[in-house]
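Note sheet for the following structure.
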Amino acid sequence: MPLPHWIALLLLGLGYTLALTHGSLGLAALPALLTLFCCALLARRQVRWQQTLGHLLFIVLAIALALHWLPGFHGARVIDKAVLSEGAVPFSMYLNLDKPLIGLWLLLACPWLVMLRGRGLVMSLTLILPLTLLACLGGAWALGLVAWAPKWPEQAWLWLANNLLLVSLTEELLFRGYIQGGLQRLFKHEGLALLVAALVFGLAHLAGGWQWFYLATLAGVGYGLAYRHGGLTAAVLCHTCVNLAHFAAFSYPMLAPN
Numbered sequence: 217m218p219l220p221h222w223i224a225l226l227l228l229g230l231g232y233t234l235a236l237t238h239g240s241l242g243l244a245a246l247p248a249l250l251t252l253f254c255c256a257l258l259a260r261r262q263v264r265w266q267q268t269l270g271h272l273l274f275i276v277l278a279i280a281l282a283l284h285w286l287p288g289f290h291g292a293r294v295i296d297k298a299v300l301s302e303g304a305v306p307f308s309m310y311l312n313l314d315k316p317l318i319g320l321w322l323l324l325a326c327p328w329l330v331m332l333r334g335r336g337l338v339m340s341l342t343l344i345l346p347l348t349l350l351a352c353l354g355g356a357w358a359l360g361l362v363a364w365a366p367k368w369p370e371q372a373w374l375w376l377a378n379n380l381l382l383v384s385l386t387e388e389l390l391f392r393g394y395i396q397g398g399l400q401r402l403f404k405h406e407g408l409a410l411l412v413a414a415l416v417f418g419l420a421h422l423a424g425g426w427q428w429f430y431l432a433t434l435a436g437v438g439y440g441l442a443y444r445h446g447g448l449t450a451a452v453l454c455h456t457c458v459n460l461a462h463f464a465a466f467s468y469p470m471l472a473p474n
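Numbers 217 to 474, taken from the working numbering, label the letters of the sequence shown in order.
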């Protein structure tokens, strides 16, 4: 592996060792960590069946990590049932240690994820981002999911750091870099790759109802266009900005049902 990847692996080991000593990580998480490492080794092999096995095992583990199904991870609850705006449902936030492993695995096992450095970063932020904001937040307002509620509570900076580093970055590495980028490399069809990644992103939000599936799919199209033209950086910035606009200017996470 290149030196930056070894440095990332060393920092990961240090960080999770500290989490273990402070009780945020249990020994029950060790099988998941070892399996992810083995998956990365398999995915970097030259033999096709070993590569395929590594990626299939990773997909299964990624689903389990994203849904917090695996034991041993004890994310600290830093926001506990806070009502951030009038009429909104209570909001809780955890600093999760399982979901970020998805993004780190992708960086280690799939270095081609960050090779796409589009020249359209400015266009992504000045054209694609406003249109995505209008479609997603305008759609949420039209569907009665949110209302105008500008705010900047005391937890805002912690929320922003968590959303940028543990949510937007991880999700864009997975949905745009891995799924959209991987399908684009496999089928040589940018439109199909973008649409499939957007639909999978929508399905990941289906538990919230068809409205969130619809809005997340729209957002996925916007993030996919940003990724196509501006690379991973543009996709992460667009994702973060949409989430930030939702948090700071509208009911968050959503209006409580009547």
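From the three backbone atoms N, C-alpha and C, an ideal C-beta is built for every residue, glycine too.
In the DSSP assignment, find the unbroken alpha helix (DSSP H) run with residue i in it and report its ends.
{"i": "residue 401", "result": "397-403"}
{"i": "residue 324", "result": "316-325"}
{"i": "residue 410", "result": "406-419"}
{"i": "residue 378", "result": "372-378"}
{"i": "residue 369", "result": "Counting along the chain, residue 369 falls outside any alpha helix (DSSP H), and DSSP gives it neither H nor E."}
{"i": "residue 268", "result": "264-282"}
{"i": "residue 342", "result": "Segment: none, residue 342 is in no alpha helix (DSSP H) and carries neither H nor E."}
{"i": "residue 253", "result": "246-259"}
{"i": "residue 385", "result": "385-388"}
Start and end of the beta strand (DSSP E) containing residue i?
{"i": "residue 307", "result": "307-311"}
Using DSSP's beta-bridge definition, name the partner residues of residue i.
{"i": "residue 295", "result": "309"}
{"i": "residue 364", "result": "466"}
{"i": "residue 289", "result": "241"}
{"i": "residue 304", "result": "471"}
Would residue i be called buried (16 or more neighbouring beta carbons within 10 Å of its own) or exposed?
{"i": "residue 316", "result": "buried"}
{"i": "residue 442", "result": "buried"}
{"i": "residue 401", "result": "exposed"}
{"i": "residue 444", "result": "buried"}
{"i": "residue 237", "result": "exposed"}
{"i": "residue 243", "result": "exposed"}
{"i": "residue 318", "result": "buried"}
{"i": "residue 383", "result": "buried"}
{"i": "residue 391", "result": "buried"}
Does any C-beta atom of chain D lie closer than 7 Å to the C-beta of residue i?
{"i": "residue 247", "result": "Protein chains in the displayed structure number just one, and chain D is not present."}
May I ask whether a heavy atom of the ligand ATP can be found less than 6 Å away from the beta carbon of residue i?
{"i": "residue 275", "result": "The ligand ATP is not part of the structure shown, which contains no ligands of any sort."}
Q: Mind the definition here: the segment 448-468 touches the segment 358-366 only if three or more C-beta pairs lie below 8 Å; say whether that holds.
A: yes
(Q) Quick check: the segment 433-453 against the segment 344-363, are at least 3 beta-carbon pairs closer than 8 Å? (A) Pairwise C-beta distances place the segment 344-363 in contact with the segment 433-453, as three or more of them are shorter than 8 Å.
Q.
Pairs of beta-carbons, one from the segment 366-383 and one from the segment 307-323, closer than 8 Å: are there three or more?
A. yes
Q | Inter-stretch contact (C-beta, 8 Å, three-pair minimum) for the segment 319-326 and the segment 249-256 | A | yes
Q: Evaluate contact between the segment 403-412 and the segment 283-303, counting only Cβ atoms and requiring at least three cross-stretch pairs below 8 Å.
A: no
Q.
Count Cβ pairs between the segment 222-241 and the segment 270-278 that sit closer than 8 Å; are there 3 or more?
A. no
(Q) Runs of 3 residues minimum, wholly inside the segment 416-452: which ones carry the beta strand (DSSP E) assignment? (A) none
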